[in-house]
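K.L.:
In this text, residue positions in the sequence shown follow numbering that gives the first Met the number 0: the first is 0, and each later residue adds one.
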Amino acid sequence: MIQIETAWLLLLPIMFGIGWLASRWDLRLENRMDERERMRQQRSTFKGLSLLLNEQPDQAIETLVKIAQLDPETIELHFSLGNLFRRRGETERAIRVHQHLVNRDDLKPRDRDHAAYELGRDFLRAGLLDRAEASLNRVGSGKFAAPAKESLLEMYQIERDWKKAITAASQLEKLQGKSHQTEIAQFHCELGQEALQANDLSGAEKSIQEALGVVANHTRALILQGDYLMALGQPTQAIEAWSIVASSHPAYMHLIADRWMKAHTDLDQSAAGLERLCELLNTQASGELLDVVHKQVMNIRGLQAANTIISEVMQHSPSLSALSKLAETRLALEEGNANSERLMELKSILHLLRQRTTSLARYTCGNCGFRARRFYWQCPGCNSWEAYSPRRSEGVAPSGPSM
Ligand SMILES: [Zn+2]
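#1: So E117 and H99 are in contact, right, with Cβ under 8 Å, and what is the actual spacing, rounded?
#2: Run the proximity test for A371: is its beta-carbon closer than 6 Å to any non-hydrogen atom belonging to ligand 1?
#3: Could you check the C-alpha separation between M313 and P146 for me, to the nearest Å?
#4: Within the same chain, show all residues whose beta-carbon is closer than 6 Å to that of G191, passing over the 5 residues directly before and after it, in chain order.
#5: Could you name the residues that DSSP lists as bridge partners for A371?
#6: Measuring alpha carbon to alpha carbon, tell me which residue in L174, L123, R219 is nearest G139.
#7: Compute every distance between the C-beta of S388 and the non-hydrogen atoms of ligand 2, then say whether any falls below 6 Å.
#8: What three-state label does DSSP hand Q233 in the structure shown?
#9: Tell me whether G119 is buried or exposed, calling it buried when 16 or more other Cβ atoms sit within 10 Å of its Cβ.
#10: Return the CA-CA distance between E153 and V291, expressed in angstroms with no decimal places.
#11: Could you give the distance in angstroms between the alpha-carbon of E274 and the alpha-carbon of L280?
#12: By alpha-carbon positions, which one of Q156, A168, F186 ends up nearest to C381?
#13: In this structure, how does DSSP classify W384 when only helix, strand and coil are distinguished?
#14: Counting only runs that start and end within the segment 283-348, where is the alpha helix (DSSP H) found for 4 or more residues in a row?
#15: What does the alpha-carbon distance come out to for the pair S383 and D160?
#16: According to the Cβ coordinates, are A220 and C188 closer than 7 Å?
#17: Using DSSP with H/G/I as helix, E/B as strand and the rest coil, what is I140?
#18: Can you tell me whether S392 sits near ligand 1, meaning its C-beta is under 6 Å from at least one heavy atom of the ligand?
#19: Quick one: give me the first and last residue of the alpha helix (DSSP H) that Q170 is part of.
#20: State the CB to CB distance for the pair Y362 and R370, rounded to an integer number of angstroms; the pair is presumed to be in contact (CB under 8 Å).
#21: Is any heavy atom of ligand 1 found at a distance shorter than 6 Å from the C-beta of S383?
#22: My guess is that E393 and L359 are in contact by the Cβ rule of under 8 Å, so how many angstroms apart are they, rounded?
#23: What would DSSP say about Q268, mapped onto helix, strand or coil?
#24: Can you tell which of F122, G272, R390 has its C-alpha closest to the C-alpha of T282?
#25: Whose C-beta lies closer than 7 Å to the C-beta of L171 among residues of the same chain, with five residues either side of it excluded?
#26: Under 6 Å: does the beta carbon of N366 sit that close to some heavy atom of ligand 1?
#27: Name the one or two DSSP bridge partners that S392 has.
#28: Look at the alpha carbon of A466 and the alpha carbon of D112, and state the distance between them as a whole number of angstroms.
#29: Taking 7 Å as the threshold (C-beta atoms), are I238 and A262 in contact?
#30: Between G272 and ligand 1, is there a pair consisting of the residue's CB and a ligand heavy atom that are separated by less than 6 Å?
And the structure:
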């Protein structure tokens, strides 16, 4: 009995030793397999990057997708892939990648915010605005709070939901510590414009006052204030509002020159109204103001006066528009006297000048260079507010976008 127990006592340390050796062996085998797997993944990653560098993006994406599927820990790779899909216009695939991340329970709050933000951008790109709003609103108060708010602001502008845009821009000011007053004033103006069009005069007044409260003497708000006062039947007060535009922002007077003249005509003061516009031509002889003044001078003061004014403009601010107006005036002056050959010549010159003026005269965005026939407060090319110069240029069109 004692002999058997001694044998067991001797066997126990030997068995323990064998067990220890086996576990070490297993551990080494496991480490070697892990190492091999890591090497395999590293090779696949390098292969994916090499394909990208060799401009074979489709094969590169397939390789990187396989790595991401094999190793769920590669969160950054998931983000890179999702963004790559979105940039390529494959929004459905981008949504799948980012949705997968959002649904994971093991993500850190920062990664979850990042995923919600990227998913919101995907939905925005796909035009699924309700889902974009929900996803962007899920982003917490960390690093992605400001980019998410910027995306919401972009979205509300697409939807023309100006009230929500005002709230988002105000919140963004606090998050970024940066002014968004220009946009906020413009959003109030958009509301004012909509109210005026709907004949909601009290709503229009409220929005215009809000805009003027955000930016004192805001050009567009003053223009709208004049429109609102005209709608109320108060041309004297409308002229007062527009006089501030004439003295503080004269380059924008071409936008209201017609209405300015209408207000003065209503008060039987068209000569005084025209006199002020003629004075402005000394410094603001740009296309559209010239059009209105030329037409009004012809009507009120006659052809000779129009000839004198446009000749003066040609002296101090020569332009195609002014030359075209001069040719138009000379043709009208000579129509009763000149021979038919001379008239034909003037008509041909005028025709050519009008063609050139129409094809070249454009407003240009100072931010993206987008050129347009009409003036915009928000650029249709880059969506920037107040980026358009109020002066139309007549230079040769660059190769950039235009409409
Ligand atoms: Zn632009």
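Every residue gets a Cβ at the ideal spot worked out from N, C-alpha and C, and that includes glycine.
Computed from a prediction, not measured in an experiment: that's the story for all the values here.
P.N.:
Short version:
#1: No, E117 and H99 are not in contact; Cβ-Cβ is about 11 Å, not under 8 Å.
#2: For ligand 1, not one heavy atom lies less than 6 Å from the Cβ of A371.
#3: Their backbone Cα atoms lie some 50 Å apart in a straight line.
#4: Taking C-beta separations shorter than 6 Å and ignoring five residues to either side along the sequence, the partners of G191 in its chain run A203, S206, I207, L223, following chain order.
#5: As computed with DSSP, A371 is found in a beta bridge with Y362.
#6: Answer by Cα proximity: L174.
#7: With respect to small molecules bound, the structure shown includes ligand 1 and not ligand 2.
#8: Taken through DSSP and simplified to helix, strand or coil, Q233 comes out as coil.
#9: Around the Cβ of G119, a 10 Å sphere holds 16 or more other Cβ atoms; the residue is buried.
#10: So the alpha carbons of these two residues sit roughly 36 Å apart.
#11: If I take the Cα positions, the gap works out to 10 Å.
#12: Closest by alpha carbon: Q156.
#13: Three-state DSSP puts W384 in a strand.
#14: Counting whole runs of 4 or more residues, the segment 283-348 contains the alpha helix (DSSP H) stretches 286-299, 302-315, 319-333.
#15: Each residue's Cα considered, the two are about 17 Å apart.
#16: In terms of Cβ geometry, A220 and C188 form a close pair [threshold 7 Å].
#17: According to the sequence displayed, residue 140 carries Ser and not Ile. In the three-state scheme derived from DSSP, where H, G and I count as helix and E and B as strand, S140 is classed as coil.
#18: For S392, the CB stays at least 6 Å from every heavy atom of ligand 1.
#19: That run of the alpha helix (DSSP H) goes 161-175.
#20: For a cut-off of 8 Å, the C-beta gap from Y362 to R370 is around 7 Å, short enough to register as a contact.
#21: True, at least one ligand heavy atom lies under 6 Å from that Cβ.
#22: Their Cβ separation, rounded to whole angstroms, is 5 Å, which keeps E393 and L359 in contact under 8 Å.
#23: Q268: coil per DSSP, three-state reduction.
#24: Closest by alpha carbon: R390.
#25: A145, K148, E149, L152, H179.
#26: Yes, Cβ of N366 sits closer than 6 Å to a heavy atom of ligand 1.
#27: For S392, which the question treats as bridged, DSSP gives the partners R361.
#28: In this structure the chain extends from 0 to 402, so residue 466 is not present and cannot be described.
#29: In this structure, A262 lies near I238, with their beta-carbon atoms less than 7 Å apart.
#30: No, ligand 1 has no heavy atom inside 6 Å of this Cβ.
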